[in-house]
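Novice:
Number of protein chains: 2
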Amino acid sequence: MATTLDGVARHARVSTATVSRVLRGANGEIPISAATRQRVLAAVRELDYRPNLTARSLARGRTHTIGVVLPEGAMRLRRVYNATILAGISDVLTARGYALALYFSEFGRQPQAPGHISLLQDGRVDGGLIVDSFALDDEQIAALEREAGRFPCVLIGHRLPQSRLHWVAADDRAGAIAAVDHLYQLGHRRIAHLYNRRGRPGSERQADYQEALAARGLEARSDWLVASEMASGMAALVDRATREMGELWTHHEPPTALFAWNDYAALAAIQGLRQTGVVVPRDVSVVGYSDFDVAVLGQPPLTTVRTPLYEQGALAAEVLLDTLDSGNAQPVQRLLPTVLVVRESTGSAPQPG
Amino acid sequence: MATTLDGVARHARVSTATVSRVLRGANGEIPISAATRQRVLAAVRELDYRPNLTARSLARGRTHTIGVVLPEGAMRLRRVYNATILAGISDVLTARGYALALYFSEFGRQPQAPGHISLLQDGRVDGGLIVDSFALDDEQIAALEREAGRFPCVLIGHRLPQSRLHWVAADDRAGAIAAVDHLYQLGHRRIAHLYNRRGRPGSERQADYQEALAARGLEARSDWLVASEMASGMAALVDRATREMGELWTHHEPPTALFAWNDYAALAAIQGLRQTGVVVPRDVSVVGYSDFDVAVLGQPPLTTVRTPLYEQGALAAEVLLDTLDSGNAQPVQRLLPTVLVVRESTGSAPQPG
DNA sequence: GTGAAAGCGCTAACAA
DNA sequence: TTGTTAGCGCTTTCAC
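These protein sequences, in sequence, are chains C and D.
Residue numbers for the first sequence follow my numbering, so the first one is 4 and each next one is one higher.
Residue numbers for the second sequence follow my numbering, so the first one is 4 and each next one is one higher.
(1) Below 8 Å on the Cβ atoms is my contact criterion, and I expect D:Gly-350 with D:Pro-258 to pass it. Report the Cβ-Cβ distance as a whole number of Å.
(2) Check whether the Cβ of C:Thr-87 lies closer than 8 Å to any Cβ atom in chain D.
(3) Since D:Arg-81 meets chain C, which of its residues come closer than 8 Å, beta carbon to beta carbon?
(4) Looking at the ligand FMN, does it come within less than 7 Å of D:Val-71, judged from the CB to the closest heavy atom?
(5) Check the C-beta distance from D:Ile-159 over to D:Ile-88 and give it rounded, since I have them as a contact under 8 Å.
(6) Exposed or buried, which one is D:Pro-164 when buried takes at least 16 other CB atoms within 10 Å?
(7) Under 8 Å between beta-carbons, which chain C residues line up against D:Val-299? List them in chain order, please.
(8) On the three-state DSSP scale, how would you describe D:Gln-115?
(9) So D:Gly-126 contacts chain C; which residues on that side make the cut at Cβ distance below 9 Å?
(10) Would you grab the beta carbon distance between C:Pro-334 and C:Leu-168 for me? Rounded to a whole angstrom, and I think it's under 8 Å.
(11) D:Met-248 CB to nearest chain C CB: under 8 Å?
(12) Residues of chain C with CB closer than 9 Å to the CB of D:Ala-217, please, in chain order.
(13) Measuring only the C-alpha atoms, how far is D:Asp-9 from C:Leu-147?
(14) Using DSSP with H/G/I as helix, E/B as strand and the rest coil, what is D:Gly-130?
(15) Can you give the beta carbon distance from D:Gly-126 to C:Leu-50, rounded, assuming they're within the 8 Å contact cut?
(16) Buried or exposed: C:Gln-124, going by 16 or more other Cβ atoms within 10 Å of its Cβ?
(17) Assuming C:Asp-129 contacts C:Leu-318 (C-beta within less than 8 Å), just tell me the rounded distance between them.
(18) At a cut of 8 Å, does the stretch 243 to 251 of chain C reach the stretch 61 to 68 of chain C through at least three beta carbon pairs?
(19) Compute the distance between the beta-carbons of D:Val-290 and D:Thr-279, then report whether it is under 8 Å.
(20) Would you call the CB atoms of C:Val-322 and C:Val-72 closer than 8 Å?
(21) Quick check: what's the CA-CA separation for D:Trp-227 versus C:Val-297?
(22) Pick from C:Val-299, C:Asp-325 and C:Val-25: whose alpha carbon is nearest that of C:Ser-348?
(23) With 8 Å as the threshold, decide whether the Cβ of D:Ser-121 is near any Cβ in chain C.
(24) Taking the alpha-carbon positions, what's the C:His-191 to C:Gly-275 distance?
(25) Report the partner residues of D:Trp-170 according to the DSSP bridge assignment.
(26) CA-CA distance, C:Ala-172 and D:Val-134?
(27) Taking a contact to mean a Cβ-Cβ separation below 8 Å, would you say D:Trp-170 touches D:Arg-208 in this structure?
(28) Which residues in chain D sit within 8 Å of C:Ser-93, going by Cβ to Cβ distance?
(29) Pull out every residue of the stretch 338 to 349 of chain C whose Cβ sits closer than 9 Å to any Cβ of chain D, in chain order.
(30) Does any C-beta atom of chain D lie closer than 8 Å to the C-beta of C:Gln-41?
(31) First and last residue of the beta strand (DSSP E) that includes D:Asn-85?
(32) Could you give the distance in angstroms between the alpha-carbon of D:Val-83 and the alpha-carbon of D:Glu-75?
(33) Which residues does DSSP pair with D:Phe-137 in a beta bridge?
(34) For C:Ser-293, count neighbouring Cβ atoms within 10 angstroms of its own Cβ and tell me buried if that reaches 16, exposed if not.
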């Protein structure tokens with residue numbers, strides 16, 4: 004149907020090999036006579052020839068395509084978190100001439116197929132970028148390490164220092180410390196935490212929060228630990244927050260500050276607090292996490308910790324492509340800095356009494 | 004390196020053809036003796052064989068991959084609009100066993116390559132889903148129509164009744180009418196509009212707004228038409244809205260209601276109005292568009308028009324795969340219903356005087 | 001039921 | 001500088 008190499012060769016009265024050479028050596032690398040080149044190029048134009056990339060991939064043994072594994076369930080794409088990482092990835096891939104194939108971790112759920120890995124080993128991609136690295140179990144990690152030479156991949160957002168795999172992540176520990184310190188300096192000593200019930204990112208954040216409290220010698224009371232999740236939608240998040248905040252603040256010794264695992268949770272909490280009659284930041288300070296677009300839309304605009312999501316995606320892609328180009332197997336493991344963004348949802352701790 | 008069909012064949016002492024048959028006819032379609040099947044399956048398991056999908060694509064002439072074209076610039080992925088459509092697409096593709104390749108409209112910007120089309124004609128995908136159909140010029144549309152038999156694609160979000168291409172879109176005209184009617188019934192007669200300066204979706208919405216006003220016999224004053232765009236980020240959006248709203252409401256004859264082209268613009272406007280001392284919905288009612296997650300986080304929660312974004316993506320994917328399976332070329336053009344969601348940002352028009 | 005062989009469209013030695 | 005020839009790994013007639 005479509006024009007093939009052979010068609011062009013025939014038309015230009017040369018061999019397919021020559022056409023192939025002309026097409027590759029646009030930069031004068033390969034020795035081709037000017038006349039032939041003209042003839043071939045003319046044929047290409049006339050026939051509107053486009054190389055079949057599938058065939059090329061097979062012949063070259065390189066697909067020039069990168070597989071990106073996102074968390075189970077496509078709706079997760081709606082989370083700014085994933086979308087922003089993906090944006091970083093795709094900008095780099097595009098700039099370096101790679102195509103992007105999207106996978107979801109549930110995809111390969113056949114009995115014998117260990118999820119992520121089978122996805123990435125169907126010969127359709129040269130390497131993998133795993134945004135959903137929290138979902139990897141030990142066996143899968145081991146498999147990825149084993150295959151690292153043949154099939155490089157980079158984990159995103161998940162600190163895995165004990166592994167030999169590439170990974171890039173945000174320095175969330177520093178982020179949590181910055182948030183807690185900020186509150187501390189405003190005089191807050193009783194700091195509650197909204198954690199993500201689902202998914203390890205939330206619980207890692209929780210560990211970071213506890214470490215940050217400990218660093219300041221503050222108490223981490225379990226009744227100041229409140230579950231929160233976005234899985235059932237924003238309206239549910241707000242409802243739940245309203246209930247939780249009501250409970251927390253009728254508690255005999257309520258906190259004076261709240262550190263949330265992400266901006267949405269923080270904004271929902273603020274909605275909830277308002278219902279309870281608590282005013283932010285007069286009565287309680289709230290710090291979010293991520294500095295999503297919505298932070299600035301909050302009432303009041305949200306103090307939060309900006310995390311390098313786009314940058315994580317971009318760097319991971321760079322690392323992967325570099326590995327692919329150089330064959331270098333030295334694991335690259337990078338922690339990217341976070342930054343505290345102070346807006347209006349935090350203020351001095353209310354005087355006790 | 005990796006096990007190939009040949010390896011399995013050798014191991015099972017059969018021909019590659021037989022292995023191929025066993026692998027395809029899992030459902031007992033193809034006549035294979037039970038013994039052979041067992042032997043082959045065992046070999047597959049032992050060698051941990053995974054078919055090379057690139058080779059399969061080449062041999063079969065079908066890649067089982069769909070290309071999705073998103074608006075130029077990967078950061079657009081962060082817009083819930085695009086992400087939600089993409090979620091709908093990928094759920095369907097996944098469910099039906101198709102892979103997804105992501106393209107951005109800027110990708111193929113070589114001199115001779117007409118953007119969208121060349122992207123989709125590199126033999127790597129079986130069909131195209133074009134989210135960024137507004138970017139298509141007439142020539143590209145003509146080309147897509149010409150190729151429709153060989154290379155089917157579906158446009159998303161863009162009404163194109165005069166074309167023979169498949170498309171699915173939201174019934175935004177009805178949405179605009181619903182929004183305006185809602186305001187009208189609350190007594191509003193002076194309704195301003197925040198439109199998207201960039202991109203045709205915004206200007207289509209603007210046309211819809213004007214039609215909706217006309218349907219009610221209301222005046223569409225040009226000084227009630229305010230530009231707004233998200234391109235430069237949320238903070239800029241809010242700043243700009245603050246300025247614009249200030250101006251609009253010191254105007255000698257300010258509107259009593261505002262219909263925004265999307266929820267973010269609406270929320271930013273509410274922020275701006277607050278700065279100006281205007282209270283929503285007491286002094287002015289605001290209607291957003293899309294019913295994004297943030298709508299419910301607004302202060303007050305936003306009245307808005309819910310649009311079927313996920314559904315558009317899902318339906319477009321269904322239509323495409325059906326076309327691919329059936330070879331049917333009847334153009335499918337579907338308008339999906341929108342629904343008004345009344346929350347707390349709208350109320351009765353203030354008494355004049 | 002099963003195998004031999006041609007071929008999908010392109011690339012890359014190796015010759016010439 | 002160019003052509004010939006073998007593949008890349010899988011599928012699919014066509015014989016047996």
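Don't be surprised by glycine CBs; every beta carbon is placed ideally from N, CA and C.
Specialist: Checking against the coordinates, here is how it stands:
(1) Your pair D:Gly-350 and D:Pro-258 does not check out as a contact, with CB atoms roughly 14 Å apart and the cut at 8 Å.
(2) Chain D has a Cβ within less than 8 Å of the Cβ of C:Thr-87.
(3) Val-83, Ala-86, Thr-87, Ala-90 and Asp-296, listed in chain order.
(4) With respect to the ligand FMN, the structure shown offers nothing to examine, as it has no ligands at all.
(5) The C-beta separation of D:Ile-159 from D:Ile-88 comes to about 6 Å, placing the pair in contact by the 8 Å criterion.
(6) By the neighbour-count definition (other C-beta atoms within 10 Å, threshold 16), D:Pro-164 is an exposed residue.
(7) Within 8 Å Cβ-Cβ: Met-237, Ala-238 and Val-241.
(8) The pLDDT assigned to D:Gln-115 is 43, lower than 50, so where the model puts this residue is not dependable; a value taken from the coordinates is nonetheless given after this. For D:Gln-115, the secondary structure class from DSSP, reduced to helix, strand or coil, is coil.
(9) Neighbours of D:Gly-126 across chain C, judged by C-beta separation under 9 Å: Ala-5, Arg-53, Pro-54, Asn-55, Leu-56, Thr-57, Ala-58 and Arg-59.
(10) With a Cβ gap of about 6 Å, C:Pro-334 and C:Leu-168 count as contacting.
(11) Contact of D:Met-248 with chain C is not assigned, every C-beta pair being separated by 8 Å or more.
(12) None at all; the shortest Cβ gap to chain C is about 32 Å.
(13) Cα to Cα, the separation comes out at about 25 Å.
(14) Reduced to three states, the DSSP call for D:Gly-130 is strand.
(15) In fact, because the Cβ distance is near 15 Å, the residues do not count as touching under 8 Å.
(16) Using a 10 angstroms sphere on the CB of C:Gln-124, the tally of other CB atoms reaches 16 or more, which defines it as buried.
(17) Under the criterion of beta carbons closer than 8 Å, C:Asp-129 and C:Leu-318 do not qualify as touching, at roughly 18 Å.
(18) In short, these stretches do not touch, since the Cβ pair count stays below three.
(19) No; because the gap between Cβ atoms is not below 8 Å, this pair is not in contact.
(20) It is not a contact, given that the beta carbons lie outside the stated cut-off.
(21) Cα to Cα, D:Trp-227 sits roughly 26 Å from C:Val-297.
(22) Residue C:Val-299 is the option with its Cα nearest to C:Ser-348.
(23) Using beta-carbon distances, D:Ser-121 counts as an interface residue toward chain C, with a partner under 8 Å.
(24) C:His-191 and C:Gly-275: Cα-Cα distance of roughly 20 Å.
(25) Answer by DSSP bridge pairing, in chain order: D:Leu-158 and D:Gln-336.
(26) Cα to Cα, C:Ala-172 sits roughly 31 Å from D:Val-134.
(27) Between D:Trp-170 and D:Arg-208, the gap from beta carbon to beta carbon reaches 8 Å or more.
(28) Correct list: Ala-77, Leu-80, Leu-105 and Phe-107.
(29) So nothing in the stretch comes that close.
(30) For C:Gln-41, the nearest beta carbon of chain D is not closer than 8 Å to its own beta carbon.
(31) Boundaries around D:Asn-85 are those of the alpha helix (DSSP H), 83 to 98, since no beta strand (DSSP E) includes it.
(32) When only Cα atoms are considered, D:Val-83 and D:Glu-75 end up about 15 Å apart.
(33) Partner(s): none; D:Phe-137 has no beta bridge.
(34) Counting Cβ neighbours within 10 Å, C:Ser-293 comes out buried, since at least 16 surround it.
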